[in-house]
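Taking the working numbering, the leading residue of the sequence shown gets 932, the next gets one more, and so forth. Note that CB positions come from ideal geometry on N, CA and C, so glycine has one too.
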Amino acid sequence: PRTVVGDCVRDIGGGRVREVACDGEDTRGPRFEVVEAVAVRADCPASTALYVRLGGNRPVGCARPL
Numbered sequence: 932p933r934t935v936v937g938d939c940v941r942d943i944g945g946g947r948v949r950e951v952a953c954d955g956e957d958t959r960g961p962r963f964e965v966v967e968a969v970a971v972r973a974d975c976p977a978s979t980a981l982y983v984r985l986g987g988n989r990p991v992g993c994a995r996p997l
C-alpha cells in the first residue's frame with residue numbers, strides 16, 4: 932500500500948518509514964502526519980520535519996510531527 936496525505940508514519944531509519952495509527956497507540960519513535968503532497972521539497976510548508984516518497988505527479992509528501 933502507498934502512503935497518502937492524511938497517513939501517519941514513523942521513521943524507521945535508512946530512509947524508510949512505516950505507516951502507523953494516527954491515534955497514538957504506536958509509541959515506538961517519533962510519529963509524523965503527511966499533511967500535503969507537492970512536486971518538489973521546496974514547496975513543503977516550513978513545519979515539515981520529514982519528507983515521504985508518494986509517487987504520482989506530486990511525489991513528495993510533507994510530514995509534520997504529531
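- In the three-state DSSP reduction, R941 falls in the strand class (E or B).
- With 16 or more neighbouring CB atoms inside 10 Å of its own CB, D938 falls in the buried class.
- Assignment of A973 by DSSP, reduced to helix, strand and coil, places it in the helix class.
- Taking all protein chains in view, the Cβ of A952 is surrounded by fewer than 16 other Cβ atoms within 10 Å, so the residue is classified as exposed.
- As DSSP reads the structure, E964 sits in a beta bridge with C939, R995.
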